[in-house]
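J.: Take 1134 as the starting number for the sequence shown in the working numbering and just add one per residue.
C-beta: ideal position from N, C-alpha, C; glycine also.
Just so we're clear, the structure is a prediction, and the values are computed from it rather than from any experiment.
I am attaching a structure below and will ask some questions about it afterwards.
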Amino acid sequence: MIERIRTSVALAAVAIGLAAPSLRAQTITSPYRFVETSQSLGVYAGYAKTGMGALSLGPQSAPIFGVRYGLRVSGPFSAEADVSLLSSTRMVWDTIPSDTALRNVGEADLRMLTALAALRFDVTGPRTWHGLQPYITLGGGLGFDLAPDAPAEESVAEDVRFDLGTRFVALAGGGIEAHFFGRVTARADARTLLWKLNTPDPFLLGEPGLYRPADEWTQNVLITGHLAFRF
């Protein structure tokens, strides 16, 4: 009896051993991996293709740099906040007496600081697909011009000077984040920022039929690369 039990156990062990490779061969490896961390902090840099407006009052295209913080709120949604600096120049315009034309009298520095908040939606949810995580973002904030008065404006009357001042900024965009380096991620995104330019009143006193907008929204496209540490 005992000998029969031993034989049965031995045969069962051999059967399990022979079946194991077959079972391993049937294992399906998922391309999805959960992102265990919920926060990130990083820096980014890129280029802003700006919209200068109908009268070329806005900033010219230039590099942009920033810092961004992210916090997962729930499931595929994260809240993001970032601060960026666009260091650029703008044209300085003056009116011509007894004429409807404008003349360019030089350039002025424009250092636009933006403080933005956005809601990020991860297309694959709180997980990656083959290490990649595509997303879209939507949000807004404020923009400020930090540059001092330009020497080129000294000969321009106060009411003719353009001032970017403080502006509401709307944003929409998307990108993809790569999770290949442990807690360090790399990310590339494209964003559209919209802000309004207000035209100085003397610029509007042109001949009938000459279109000069009192204000206009301009589209500014940002292409950036981002490195972040997740924790």
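Of the residues Ser1221, Ser1288, Gly1308, which one's Cα is nearest the Cα of Val1256?
T.: Taking the first residue of the sequence shown as position 1, residue 1256 is located at position 123. The candidate whose alpha carbon is nearest that of Val1256 is Gly1308.
J.: Could you check the C-alpha separation between Leu1265 and Asp1227 for me, to the nearest Å?
T.: Locating residue 1265 in the sequence shown gives position 132, where the first residue counts as 1. Locating residue 1227 in the sequence shown gives position 94, where the first residue counts as 1. Whole-angstrom Cα-Cα distance: 51 angstroms.
J.: How do the segment 1282-1293 and the segment 1231-1251 stand: do at least 3 beta-carbon pairs fall below 8 angstroms, yes or no?
T.: Yes: the two stretches touch, three or more of their Cβ pairs being nearer than 8 angstroms.
J.: Whole angstroms are fine: how far does the CA of Phe1167 sit from the CA of Phe1295?
T.: On the sequence shown, position 162 is the one that residue 1295 refers to. On the sequence shown, position 34 is the one that residue 1167 refers to. Going from the Cα of Phe1295 to the Cα of Phe1167 covers about 50 angstroms.
J.: Could you confirm whether any beta carbon from chain C is found closer than 9 angstroms to the beta carbon of Pro1164?
T.: In the structure shown, chain C cannot be found, because there is only a single protein chain.
J.: Among Pro1164, Gly1358, Glu1287, Ser1194, whose alpha-carbon lies nearest the alpha-carbon of Ala1323?
T.: One-based indexing of the sequence shown puts residue 1323 at position 190. Closest option to Ala1323, Cα to Cα, is Gly1358.
J.: Mind checking which residues open and close the beta strand (DSSP E) that includes Phe1210?
T.: For this step, residue 1210 is matched to residue 77 along the sequence shown. Looking at the DSSP string, the run of the beta strand (DSSP E) that includes Phe1210 is 1210-1228.
J.: Could you check what DSSP says for Ala1158 in three-state terms: helix, strand or coil?
T.: To locate residue 1158, count along the sequence shown from 1; it is residue 25. With a pLDDT of 49 at Ala1158, under the threshold of 50, the modelled position of this residue cannot be trusted; read the value that follows with caution. Looking at Ala1158 - three-state DSSP - the assignment turns out to be helix.
J.: With 16 other CB atoms within 10 Å as the buried threshold, where does Tyr1177 fall?
T.: Here residue 1177 is taken as the residue at index 44 of the sequence shown, counted from 1. Buried, because 16 or more other Cβ atoms sit within 10 Å of the Cβ of Tyr1177.
J.: Give a yes or no on whether the C-beta atoms belonging to Ala1347 and Thr1325 are separated by under 9 angstroms.
T.: Start at 1 with the first residue of the sequence shown, and residue 1347 comes out as number 214. Start at 1 with the first residue of the sequence shown, and residue 1325 comes out as number 192. Cβ distance not < 9 angstroms, so Ala1347 and Thr1325 don't count as in contact.
J.: Measure the C-alpha to C-alpha separation of Trp1262 and Asp1215 and round it to an integer number of angstroms.
T.: The residue labelled residue 1262 in the question sits at position 129 within the sequence shown. The residue labelled residue 1215 in the question sits at position 82 within the sequence shown. So the two alpha carbons sit approximately 26 angstroms from each other.
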